[in-house]
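Colleague:
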Ligand code: F6R
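In the working numbering, the protein residues as written are 907 to 1519.
(1) To the nearest angstrom, report how far apart residue 1318 and residue 1172 are at their CA atoms.
(2) What I want to know is whether the C-beta of residue 1219 ends up closer than 7 angstroms to one or more non-hydrogen atoms of the ligand F6R.
(3) Three Cβ pairs or more, each shorter than 8 angstroms: is that satisfied between the region 1212-1231 and the region 1239-1251?
(4) By how many angstroms is the C-alpha of residue 1422 removed from the C-alpha of residue 997?
(5) Less than 8 angstroms separating the beta-carbons of residue 1303 and residue 1176?
(6) So, at 6 angstroms on beta carbons, what are the nonlocal neighbours of residue 912 in its own chain, with the 5 sequence-adjacent residues on each side left out?
(7) Does the distance from the CB of residue 1287 to the CB of residue 1513 come in under 8 angstroms?
(8) In terms of residues, what are the limits of the alpha helix (DSSP H) holding residue 1177?
(9) With a threshold of 7 angstroms, establish whether the CB of residue 1508 neighbours any heavy atom of the ligand F6R.
(10) Does the region 1465-1485 touch the region 1290-1307, meaning 3 or more C-beta pairs lie closer than 8 angstroms?
(11) Around the Cβ of residue 1247, are there at least 16 other Cβ atoms within 10 angstroms (buried) or fewer (exposed)?
(12) For residue 1063, count neighbouring C-beta atoms within 10 Å of its own C-beta (all shown protein chains included) and say buried if the count is 16 or more, exposed if not.
(13) Using 8 angstroms as the Cβ pair cut-off and three pairs as the minimum, do the region 1383-1400 and the region 1449-1456 touch?
(14) Considering only C-alpha positions, which residue in the set 992, 1187, 1233, 1044 is nearest to residue 1029?
(15) Tell me which same chain residues have a C-beta within less than 7 angstroms of the C-beta of residue 1180, skipping the five on either side of it?
(16) What do you reckon, is the C-beta of residue 1212 under 7 angstroms from a heavy atom of the ligand F6R?
(17) The ligand F6R and residue 1395: does the residue's C-beta get closer than 7 angstroms to at least one heavy atom of that ligand?
(18) Is any non-hydrogen atom of the ligand F6R found closer than 7 angstroms to the C-beta of residue 1169, if you look at the structure I gave you?
(19) Can you tell me which residues form a DSSP beta bridge with residue 980?
(20) At least one CB of chain D closer than 8 angstroms to the CB of residue 1463: is that the case?
(21) Does the distance from the C-beta atom of residue 920 to that of residue 990 stay below 8 angstroms?
(22) Please indicate yes or no: does the CB of residue 1492 lie closer than 7 angstroms to some heavy atom of the ligand F6R?
(23) Determine the contact status of residue 1004 and residue 952, defining contact as a CB-CB distance below 8 angstroms.
(24) What residues match up with residue 1474 in a beta bridge as DSSP calls it?
(25) Where do the N-terminal and C-terminal ends of the beta strand (DSSP E) with residue 985 fall, by residue?
(26) State the DSSP-derived secondary structure class of residue 1347, mapped to helix, strand or coil.
(27) Identify the continuous alpha helix (DSSP H) that holds residue 1039 and give its terminal residues.
(28) Can you grab the Cα-Cα spacing for the pair residue 1295 / residue 1215, in whole Å?
(29) Could you work out which residue in 1031, 1061, 1033, 1034 is closest to residue 1044 when comparing CA atoms only?
(30) Within the same chain, show all residues whose beta-carbon is closer than 8 angstroms to that of residue 1143, passing over the 5 residues directly before and after it, in chain order.
(31) Is the beta carbon of residue 1389 closer than 8 angstroms to that of residue 1430?
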């Protein structure tokens, strides 16, 4: 969602804020703004600059109307309340107070009416502006900056993280959070606040994460934490392993392409230290301490959103086949409002790249409130979801900047596969021979992914040939049906072509009516036990004139006859085929988007980390 950065130190704030916002722009980007204590607050007070559209507009504005000072904050906005406009862009000022905010204040209308009744005038349609008025109102009543902010925080309902400046106290930034992330970066005679780690990496790797219901007072020299009641909190800072280089484009035209190409390494990093080839086994240190709990689990509820939900659908096949544990899969947004009867001997497993997705987090909390042990697969270390979980399996894919998820997805599949082999071996479902084979296949996988990535030209040509189409259909069976869904989602979100994913066997129950000579149909056709069935479905498409793009590990003259295009991938066991089949789908979506000249890394209306409902 919205990106937040704050700075207090000895550098010029404007460039620090702009650079931080560039690193966060993927979170939301319909407008942006900064507030800076001009000349350290001595003369002109806090100056605000805001502009609609991309960050370059704000950059230009700051060149035309510069603000010099070394304390400030910046924001990129992804609209929730109020259309994208300069008035609705953050920061929002009321009297002495200036605020930036990520999230949604659910009781903002009620608060707004109360503040209006006191004679306060609002300049925007946002929920954020009530926060600045509320704090300023307490200041007018005589409270200090910190006490006024704390009093206001107690009145806010919803998910939010905020950063606040006060005209009267130029040496201090306040920040607070409830359900959306805030991380504080600790430097030498300077400190930082951000919604996400990449904004800070250039300056420091020493960070402190705020927990829900906490606020922090940040000055040049110190950071003090307390809860909303004012109780002090002590927390040791953590060190982040990622460096800035891993968060750059490294010569690729787009982050998305870079992240697609990073997949062999990302899969290796997910496996690293977790494979025991000698013992035909997997070692998940995080899980070993909980062996009794894991042995007692008789059912797992997987919860996630979007691409991570597709990983869960494939994960169901892994866990059920390799560990013989019944699995149900839910969208986070559905599970949280479903009256699930799960309780004894069940567990909830949340899968999330960011670890901040509001619906997934709420579903996890819902599972916990039923008494279920909470497990997580996550990429971002110490994000809210892993922090709220009992056992965490990190994917270690490195920062994923492009809004559309690629390496996060294939590493989530890798992690689910590792977990399934781990549980299968401990439950006696997998003998040593099968364990060995499954592990060998996984070890070979990164090189096979690399092999696909060396032949992208063919896929680029296919994208150019079909990139004008209005609709695409994606078909797959079994564990590859979720991959059809993922292929369709990737195409939709970055190229804006309408696409549907369907189980191949379901096509005749409806979608077949859509097929004509204009319709490219992508068929996932690995040589697995249902190969012949999928081939028959392909023939049904051919008979209706559909343009078939087949992705297979087993090309044949018969297939060449039916399909307009054949993309070959290497072969592996049927549970790892989804990972290999995913790569051409990502490339097809990427090159279609490039052909249609869309904003690949920041598709319209989307945000990387969806921290609101
Ligand atoms: C699609 C995409 C989204 C995310 C979803 C969940 O390319 O990126 O569908 O997968 O918003 O995000 P995380 O994994 O951060 O919970």
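Backbone N, C-alpha and C define an ideal beta-carbon position, used for all residues, glycine too.
Modeller: Walking through what the data contain:
(1) 10 angstroms
(2) no
(3) no
(4) 51 angstroms
(5) yes
(6) 979, 1069, 1079, 1099
(7) no
(8) 1169-1177
(9) no
(10) no
(11) exposed
(12) exposed
(13) no
(14) 992
(15) 1188, 1189, 1190, 1324
(16) yes
(17) yes
(18) no
(19) 911, 940
(20) Protein chains in the displayed structure number just one, and chain D is not present.
(21) no
(22) no
(23) yes
(24) 1458
(25) Residue 985 -> no beta strand (DSSP E), and no H or E assigned at all.
(26) helix
(27) 1034-1046
(28) 18 angstroms
(29) 1061
(30) 1092, 1112, 1113, 1114
(31) yes
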